[in-house]
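Chemist: When you number the sequence shown by this note's numbering, it's gap-free, plus one each residue, and the end is 461.
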Amino acid sequence: MKQLIIEGGHELSGTIRISGAKNCAVALIPAAVLANDKVTICNVPNITDIDVLVNILEDMDITVNRATGSLVIDPTTLTNTNIKEELSSKMRASYYFLGALLGKYHHSEMYFPGGCSIGKRPINLHLMGFEALGATITNEGDKYVIDAEHLHGADIEFDIASVGATINIMLAASLADGVTHIKNAAKEPEIVAVADMLNKMGAKITGQGTPTITIIGVKELTGCNIDVIPDRIEAGTYAVVGALCGNMLKVDNIVKEHLGAFIDKLDEIGVFYDLGDDYIYVSKGENYKAVDVKTEVYPGFVTDLQQVFNVLLTQCEGVSHVNETIYENRYMHVPYLNKMGANIEVDGRIATIKGPTKLKGTEVVATDLRAGATMVIAGLIAEGTTIINDAEHVLRGYEGIVEKLTNVGAHIEIKDVENK
Ligand code: EPU
42 MKQLIIEGGH ELSGTIRISG AKNCAVALIP AAVLANDKVT ICNVPNITDI DVLVNILEDM
102 DITVNRATGS LVIDPTTLTN TNIKEELSSK MRASYYFLGA LLGKYHHSEM YFPGGCSIGK
162 RPINLHLMGF EALGATITNE GDKYVIDAEH LHGADIEFDI ASVGATINIM LAASLADGVT
222 HIKNAAKEPE IVAVADMLNK MGAKITGQGT PTITIIGVKE LTGCNIDVIP DRIEAGTYAV
282 VGALCGNMLK VDNIVKEHLG AFIDKLDEIG VFYDLGDDYI YVSKGENYKA VDVKTEVYPG
342 FVTDLQQVFN VLLTQCEGVS HVNETIYENR YMHVPYLNKM GANIEVDGRI ATIKGPTKLK
402 GTEVVATDLR AGATMVIAGL IAEGTTIIND AEHVLRGYEG IVEKLTNVGA HIEIKDVENK
């Protein structure tokens with residue numbers, strides 16, 4: 042297992058450059074399967090979730106050339122459309138191969154996807170959308186076999202604005218006959234990025250970023266060059282670091298518009314920052330005020346920053362309430378924050394945080410990706426040394442986290458240890 046060891050209490054200054062967004066890259070890579078020529082994707086983060094996707098591509102005999110920050114994918118060498126259980130179980134976004142393979146080859150097979158254990162995370166909306174496009178789905182245990190003789194456009198309305206289902210239907214419908222409308226579509230920046238890539242490949246998608254997306258099916262999709270957008274979750278994570286132990290810590294290469302609801306909360310708390318179009322300087326302040334936070338679909342406060350934000354709330358004066366509306370089980374980090382000295386009570390989807398409380402270093406666990414980042418931030422401000430077990434989770438989504446934090450003055454190291 043990997044272990045992160047952090048000596049807390051150091052002031053951080055300098056620049057942290059934000060990498061390409063995990064949740065964008067993990068959709069653009071499967072989308073490349075739809076092309077009839079090479080696809081070049083740049084600004085790809087070097088994280089372990091990307092390693093898994095590359096393994097899936099290679100397992101399908103797709104040729105992949107990986108250089109620092111870029112992938113050249115030649116989907117024309119594909120020889121099979123089955124994704125092995127040991128690969129799909131490693132990450133959630135493996136499900137994007139279902140839509141891409143269905144669109145291009147009218148057949149895909151995959152086991153239920155893995156990923157962070159933060160709730161039930163069913164894929165019923167993805168499957169409902171595929172069926173509306175003309176697919177038939179057979180369950181063989183945990184395996185989904187999806188076939189379509191003919192894919193056709195359809196009107197699809199989601200009862201939840203699901204990021205994954207919206208992207209999967211865009212992937213499958215781009216090569217279908219006729220017009221598809223997705224209603225109550227997700228509006229996250231990652232949706233817009235995938236639609237932009239598909240349009241570069243020759244798709245006809247409009248309405249991305251709004252609740253209704255229209256896809257006019259085309260006969261084929263070509264190769265393209267595309268950049269992954271900056272990671273808004275990584276940006277928010279380091280902005281929280283700045284608010285807790287920064288001295289003009291610069292978080293660079295951000296997209297200001299993607300962080301609106303998060304920045305509003307920094308204002309309410311009283312965090313000192315200087316925001317430009319593509320950067321934010323953040324410094325540690327005093328007398329932070331407790332606030333209430335409710336996670337919502339974009340452009341609301343993003344669930345993926347809820348956990349790291351909890352650390353900031355432990356340092357606010359008064360009582361904060363957090364309402365996690367997206368996932369049933371996204372408070373796995375709380376027992377560990379409490380072990381470090383926080384005062385947080387969880388009742389269902391609501392966490393009540395009383396602050397400010399001093400945090401002390403101890404041994405904790407990264408139960409999932411964002412919980413791991415939460416522990417890192419807690420470790421940076423804690424007195425003494427924090428040891429974070431199962432740190433592999435953090436490496437799934439934060440490129441070069443140890444190097445980035447070390448460069449701005451943090452005392453953090455990662456090592457391999459025997460499993461306990
Ligand atoms: N849902 C259903 N049925 C479905 C699909 C979703 O009930 O068929 C529910 C989910 O269980 C969840 C809610 O709808 O309660 C929202 O799920 P959504 O489909 O929007 O999420 P996702 O596509 O599985 C992506 C990100 C998550 C991020 C969410 C919301 C990827 C690979 N994952 O997940 O990222 O939290 O959108 O923004 O893009 C993370 O990065 O830490 C992370 C978990």
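Note that the Cβ used here is the ideal one computed from N, Cα and C, for glycine as well.
Please report the distance separating the alpha-carbon of Asn87 from that of Gly441.
Modeler: So the two alpha carbons sit approximately 8 Å from each other.
Chemist: Please name the residue, chosen from Gly396, Ile82 and Phe138, that lies closest to Gly205 on a Cα-to-Cα basis.
Modeler: Considering only alpha carbons, the answer is Phe138.
Chemist: In angstroms, rounded to a whole number, what distance separates the CA positions of Ile197 and Ala173?
Modeler: Answer to the nearest angstrom: the Cα atoms are 7 Å apart.
Chemist: Count the C-beta pairs between the segment 145-159 and the segment 224-242 that are closer than 8 Å, then say yes if the count reaches three, no if not.
Modeler: No, the segment 145-159 does not touch the segment 224-242.
Chemist: Name the residue from Leu262, Ala407 and Ser324 whose alpha carbon lies nearest to the alpha carbon of Asp431.
Modeler: If we check each option's Cα against that of Asp431, Ala407 comes out closest.
Chemist: Is Gly359 helix, strand or coil by DSSP?
Modeler: Strand.
Chemist: Should Thr122 and Tyr146 be called a contact, given that it needs their Cβ atoms to be closer than 8 Å?
Modeler: Contact: yes.
Chemist: Tell whether a beta-carbon distance below 8 Å holds between Gly175 and His148.
Modeler: Taking 8 Å as the Cβ cut-off, Gly175 and His148 do not qualify as a contacting pair.
Chemist: Which stretch, first to last residue, makes up the beta strand (DSSP E) that contains Asn288?
Modeler: Start and end: Gly287 to Asp293.
Chemist: Per DSSP, which residues does Val387 bridge with? Please list them.
Modeler: According to DSSP, which records beta bridges pairwise, Val387 is partnered with Ala392.
Chemist: Could you compute how far the alpha carbon of Gly359 sits from the alpha carbon of Glu459?
Modeler: Rounded to the nearest angstrom, the two C-alpha atoms are 41 Å apart.
Chemist: What three-state label does DSSP hand Asp457 in the structure shown?
Modeler: Strand at Asp457.
Chemist: Check each candidate in Thr207, Ile246, Asn106 and Asn370 and name the one with the smallest Cα separation from Gly219.
Modeler: The option with the nearest alpha carbon to Gly219 is Ile246.
Chemist: Could you tell me the boundaries of the alpha helix (DSSP H) in which Leu192 lies?
Modeler: First-last for Leu192: undefined, no H or E at that position.
Chemist: Quick one: what's Ile57 bridged to in DSSP?
Modeler: DSSP output for Ile57 lists Val292 as bridge partner(s).
Chemist: Helix, strand or coil for Ile88? Go by DSSP, reduced to three states.
Modeler: Residue state, collapsed to three classes: coil.
Chemist: Does the segment 316-336 come into contact with the segment 280-299, if we say contact requires no fewer than three beta-carbon pairs (one atom in each stretch) closer than 8 Å?
Modeler: Segments in contact, yes.
Chemist: Could you check whether Val449 and Leu45 sit closer than 8 Å to each other, using their CB atoms as the reference points?
Modeler: Result no, Cβ atoms of Leu45 and Val449 do not sit closer than 8 Å.
Chemist: So, Val363 versus Asn351, is the Cβ gap smaller than 8 Å?
Modeler: Contact flag set, yes.
Chemist: Kindly indicate the opening and closing residues of the alpha helix (DSSP H) around Asp268.
Modeler: Here Asp268 belongs to no alpha helix (DSSP H); instead the beta strand (DSSP E) covers Asn266 to Asp268.
Chemist: Let me confirm a value: Lys445 is counted as buried when at least 16 other C-beta atoms fall within 10 Å, else exposed. Which label applies?
Modeler: With 16 or more other Cβ atoms within 10 Å, it is buried.
Chemist: What residue range does the beta strand (DSSP E) around Asp431 cover?
Modeler: Note, Asp431: premise wrong, no beta strand (DSSP E); not H, not E.
Chemist: Are the CB atoms of Thr427 and Gly402 nearer to each other than 8 Å?
Modeler: Contact flag set, yes.
Chemist: Could you check where the alpha helix (DSSP H) with Lys224 kicks off and where it finishes?
Modeler: Run containing Lys224: none in the alpha helix (DSSP H); it sits in the beta strand (DSSP E), Val220 to Lys224.
Chemist: In whole angstroms, what is the alpha-carbon distance linking Ala414 and Lys260?
Modeler: So the two alpha carbons sit approximately 43 Å from each other.
Chemist: Span of the alpha helix (DSSP H) holding His167?
Modeler: Its alpha helix (DSSP H) spans residues Asn165 to Ala173.
Chemist: Run the proximity test for Val343: is its beta-carbon closer than 7 Å to any non-hydrogen atom belonging to ligand 1?
Modeler: Because some heavy atom of ligand 1 lies under 7 Å away, the Cβ of Val343 counts as near it: yes.
Chemist: Please list the segments of the alpha helix (DSSP H) lying wholly inside the segment 112-164, counting only runs of 4 or more residues, in order along the chain.
Modeler: Whole alpha helix (DSSP H) segments, 4+ residues: 126-129 and 137-146.
Chemist: Quick check: what's the CA-CA separation for Tyr372 versus Val349?
Modeler: Spanning the two alpha carbons is a distance of roughly 11 Å.
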